[in-house]
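Participant:
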Amino acid sequence: MSAVEIRSYEGDGGDLAALVQRAWKQNFQGQKWFPLWDQKYFAWRVLDPRLGSRDLCVAAYEGDSLIGCIMAEAAEFQWGDQRVRGSYSSWLSVDQESQSRGVALRLVDELRLRHQQQGLRFSIGCTRIDHQSPARKFWDSLARRRPDEFRFWGPIRLWAHVLNPVRVAAAGLTTWERWGPQLLRLIPRWPTRAKRPSGIRPFRADDTAECLRLLEIQNRTTDFQMRWNSDRLEHQLDHGQFPRTFVSHDGTSLHGFLNYYALTWSGEQDLRVAMIDLLAGDQWWPQRSLLKAAEAQMRDDGVDLVLMMASAAAPASVLLSRGFVPIDAEVELFSLFVDPQLNCPPPKSFHILFT
Ligand SMILES: CC(C)(COP(=O)(O)OP(=O)(O)OC[C@H]1O[C@@H](n2cnc3c(N)ncnc32)[C@H](O)[C@@H]1OP(=O)(O)O)[C@@H](O)C(=O)NCCC(=O)NCCS
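For the record, in the sequence shown the residue sitting at position 235 is 234 according to numbering that gives the first Met the number 0, with numbers rising by one throughout.
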């Protein structure tokens with residue numbers, strides 16, 4: 000068996016997606032729902048050079064074979080009254096044959112070192128809430144090793160909207176997941192197609208400044224949030240056909256926008272899940288129309304279930320009016336690599352991306 004080397008990830012995302020899917024299936028298939036992150040997702044979310052985070056894509060190689068990874072995206076955050084450079088970390092995976100040999104610890108140590116070298120003062124991640132889950136056991140063990148640099152922030156919730164109750168029920172792993180979508184009659188008229196509302200069109204690059212303005216207004220209400228700039232926002236809103244973005248426009252000004260991406264998730268059966276990352280707007284009705292338009296597109300694209308992280312930036316009344324319900328995500332946010340000089344309490348309200 001050759002030695003395991005920890006170094007920067009070198010590929011185009013294909014072997015990365017294969018590794019992550021393999022490791023997560025080996026650990027969670029048939030027990031928990033989880034996304035099957037694919038190459039297009041990684042190309043958009045972490046590997047694109049425009050994000051400037053390739054150095055934070057840390058891999059474990061045994062010979063030429065990729066056997067482990069952890070990745071982060073550097074970002075600027077507003078934390079209370081402080082503006083702090085940090086990152087999102089996620090996708091920690093080690094091939095089953097290589098587990099329990101300290102590979103994950105070495106990956107995390109290397110990522111920590113790179114955070115210090117780049118002046119990144121913390122990272123945000125999320126893990127299972129269940130202390131018996133292997134993922135949670137790993138992070139609990141890390142929290143015990145570095146208690147000054149690690150803080151759990153508490154559970155998060157999701158908004159969920161079932162578009163295809165038959166497929167969502169078939170993917171259910173528990174009695175509630177199998178029967179809930181049908182009993183709740185969340186989509187009474189499926190499979191009829193939602194009518195496309197007027198005043199909504201796909202995002203164009205020249206909408207970026209207006210979208211940024213709407214996001215800045217929305218973020219004033221939270222005590223922890225990602226700080227966007229034009230380049231990062233344009234990347235988020237437009238990267239080929241992978242993320243989709245709609246804007247609400249009245250001919251003279253922009254009143255809102257909605258941004259989501261779709262992935263296959265693993266459950267009892269695979270299903271297509273759309274994750275809404277951003278929904279911002281200055282009025283109730285345009286936001287509702289955006290949801291309706293996105294839903295029509297999602298149905299055309301075969302999406303079964305829509306999710307959005309519950310936060311100060313998820314408009315509850317708009318989501319409820321379109322059939323979304325709040326659910327437990329069974330995951331918890333945490334911060335790691337926290338600079339001990341950074342005197343910031345865990346936030347009460349936030350607006351960040353779900354990774
Ligand atoms: C979680 C995962 C990355 C751990 O990888 P690993 O290389 O086996 O972890 P390590 O060998 O570095 O373990 C480090 C420590 O974590 C703890 N740990 C890791 N996996 C554990 C498990 N299944 N049960 C109990 N403890 C575990 C151990 O305490 C170990 O410390 P020790 O050496 O003092 O015993 C791997 O199991 C995996 O890929 N799981 C699937 C994907 C996943 O869950 N990712 C995390 C998402 S939040």
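In this text, a Cβ means the ideal position worked out from N, Cα and C, and glycines have one as well.
Please work out which residues of its chain come closer than 6 Å, Cβ to Cβ, to D37, disregarding the five sequence neighbours upstream and downstream, and give them in chain order.
Facilitator: Here residue 37 is taken as the residue at index 38 of the sequence shown, counted from 1. Contacts found: A16.
Participant: Going by DSSP in three states, P314 sits in which element: helix, strand or coil?
Facilitator: Along the sequence shown, one-based indexing puts residue 314 at 315. If DSSP states are grouped into helix, strand and coil, P314 belongs with coil.
Participant: For I216, which of helix, strand or coil comes out of DSSP?
Facilitator: Taking the first residue of the sequence shown as 1, we reach residue 216 at position 217. Correct three-state label for I216: helix.
Participant: Roughly how many whole angstroms lie between the Cα atoms of P154 and I326?
Facilitator: On the sequence shown, position 155 is the one that residue 154 refers to. On the sequence shown, position 327 is the one that residue 326 refers to. Each residue's Cα considered, the two are about 11 Å apart.
Participant: Is R6 helix, strand or coil by DSSP?
Facilitator: As a working note, residue 6 is residue 7 in the sequence shown. If DSSP states are grouped into helix, strand and coil, R6 belongs with the strands.
Participant: For the beta strand (DSSP E) holding V330, just list the boundary residues, first then last.
Facilitator: By 1-based counting over the sequence shown, the position of residue 330 is 331. Element bounds for V330: V324 to L335.
Participant: Any residue with its C-beta under 6 Å from a non-hydrogen atom of ligand 1 counts. Can you list them all in chain order?
Facilitator: Going by the Cβ distance cut-off, the answer is A22, W23, N26, L91, S92, V93, Q98, S99, R100, G101, V102, A103, L104, T126, P133, A134, K136, F137 and S140.
Participant: Using the Cβ count rule (16 or more neighbours within 10 Å means buried), how would you classify I216?
Facilitator: If you number the sequence shown from 1, residue 216 lands on position 217. The residue in question, I216, is exposed, as its Cβ has fewer than 16 Cβ neighbours within 10 Å.
Participant: CB-CB under 7 Å to Q28, same chain, minus the five flanking residues each way: which ones, in chain order?
Facilitator: One-based indexing of the sequence shown puts residue 28 at position 29. S265, listed in sequence order.
Participant: Following a CB-centred definition, is F256 positioned closer than 8 Å to any heavy atom of ligand 2?
Facilitator: Ligand 2 is absent from the structure shown, which contains only ligand 1.
Participant: Taking a contact to mean a Cβ-Cβ separation below 9 Å, would you say L157 touches L289 in this structure?
Facilitator: Locating residue 157 in the sequence shown gives position 158, where the first residue counts as 1. Locating residue 289 in the sequence shown gives position 290, where the first residue counts as 1. Cβ atoms of L157 and L289: not closer than 9 Å.
Participant: In the DSSP output, which residue or residues are listed as bridge partners for V165?
Facilitator: Walking along the sequence shown from the start, residue 165 turns up at place 166. Answer is none; V165 lacks a bridge partner.
Participant: Can you tell me which of the three DSSP states E364 falls into?
Facilitator: Residue numbering for the chain in the displayed model covers 0 to 354; residue 364 lies beyond these limits and cannot be assessed.
Participant: For H238, which residues of its own chain have a beta-carbon under 6 Å away from its beta-carbon, when the five flanking residues on both sides are left out?
Facilitator: By 1-based counting over the sequence shown, the position of residue 238 is 239. Within the same chain, H238 has close Cβ partners W43.
Participant: What are the start and end residues of the alpha helix (DSSP H) that includes Q115?
Facilitator: Looking up residue 115 in the sequence shown gives position 116. Here the alpha helix (DSSP H) through Q115 covers V102 to Q116.
Participant: To the nearest angstrom, report how far apart L214 and Q282 are at their CA atoms.
Facilitator: Locating residue 214 in the sequence shown gives position 215, where the first residue counts as 1. Locating residue 282 in the sequence shown gives position 283, where the first residue counts as 1. Cα-Cα distance, rounded: 13 Å.
Participant: So which of A22, L50 and H160 has the shortest CA-CA distance to L304?
Facilitator: As a working note, residue 304 is residue 305 in the sequence shown. Minimum Cα distance to L304 is reached at H160.
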